[in-house]
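First residue of the sequence shown? That's 1 in this note's numbering, and the numbers climb one at a time after it.
Using N, Cα and C, we set each Cβ at its ideal position, and we do this for glycine too.
A quick note: this is a predicted structure, and the numbers were derived from the prediction, not measured.
Below is one structure, written out as structure tokens, with a few remarks after it.
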Amino acid sequence: MLPDWYPALVAMHIICMVAFFASSFCLLRLFLLHRQTAAVPEPGRALLAKQHLAMGWSLLYLVAWPSLLLLIAFGAWMTWLQPGLLAQPWMQAKLGLSALLVAFHVVDQRLYRRLLQERSTWSGMALRLWAQVLVVLLFLVVFLSAFKEVQWYLGLLGLLVLALLVFSAIRAFGNKGPEPEDGQQGSGPAS
Numbered sequence: 001m002l003p004d005w006y007p008a009l010v011a012m013h014i015i016c017m018v019a020f021f022a023s024s025f026c027l028l029r030l031f032l033l034h035r036q037t038a039a040v041p042e043p044g045r046a047l048l049a050k051q052h053l054a055m056g057w058s059l060l061y062l063v064a065w066p067s068l069l070l071l072i073a074f075g076a077w078m079t080w081l082q083p084g085l086l087a088q089p090w091m092q093a094k095l096g097l098s099a100l101l102v103a104f105h106v107v108d109q110r111l112y113r114r115l116l117q118e119r120s121t122w123s124g125m126a127l128r129l130w131a132q133v134l135v136v137l138l139f140l141v142v143f144l145s146a147f148k149e150v151q152w153y154l155g156l157l158g159l160l161v162l163a164l165l166v167f168s169a170i171r172a173f174g175n176k177g178p179e180p181e182d183g184q185q186g187s188g189p190a191s
């Protein structure tokens, strides 16, 4: 039998998930703004870049990492209270998606460090595509948690439709805003 306070644990897990995704979306937007700052003439470029990196530090270390770690801790606590969940396929898939979220965030951390060192080679389009990976992860986590049991082919079909919609949105709206000239920063997604 679950304790009476179990719903509070679920609520904290959801709140941490919302905080993590919100901070991650903001962080990726700051990375894109930082990339676009390279097209701004001095002295504004240096001031904007410094501000973006300072805001990125706050998001990364004061919101994103703590909320991700608490998300994992609350999830582990709920699983400890209900160990039978680990035998269910949807929970195994959710744990796999959680591992992908951690890996995603580690890449964000690495990208932030490269931005600090002014060594990032990610283009604006690569950053937009990377942000859409987070959108897909959000959809997968929420739908998996809500439906728990889904036929694999329906999930795959939904994922393909979502990917097409995201790609179309990037193509339609992704090229808004200045891009730095090729000589100012690299254009590949590798960092």
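CA-to-CA distance, residue j to residue i, given in whole angstroms
| i | j | result |
| --- | --- | --- |
| I15 | A8 | 10 Å |
| Y112 | G56 | 8 Å |
| S24 | M1 | 36 Å |
| R114 | K148 | 38 Å |
| W5 | R110 | 38 Å |
| E118 | W90 | 41 Å |
| L165 | T121 | 26 Å |
| F74 | Q88 | 19 Å |
| M17 | V10 | 11 Å |
| L62 | L68 | 11 Å |
Proximity of residue i and residue j at Cβ, strictly below 8 Å
| i | j | result |
| --- | --- | --- |
| F20 | A64 | yes |
| L144 | A93 | yes |
| L160 | L137 | no |
| F139 | L156 | no |
| L71 | H13 | yes |
| L97 | V141 | yes |
Beta-carbon contacts of residue i that lie in its chain and below 8 Å, excluding the five residues immediately before and after
| i | result |
| --- | --- |
| L28 | D108, L127, W130, A131, L134 |
Same chain, Cβ closer than 6 Å to residue i, neighbours up to 5 away in sequence not counted
| i | result |
| --- | --- |
| Q185 | Confidence is the limiting factor: at Q185 the pLDDT is only 45, short of 50, which leaves the residue's position unreliable and the question unanswerable from this model. |
Spatial neighbours of residue i in its chain, beta-carbon cut-off 7 Å, leaving aside the 5 residues before and after
| i | result |
| --- | --- |
| G124 | L32, R35, Q36, E179 |
| T79 | L85, L86 |
Ranges of the alpha helix (DSSP H) found wholly within the segment 64 to 90, counting only runs of at least 4: The qualifying runs are 65 to 81.
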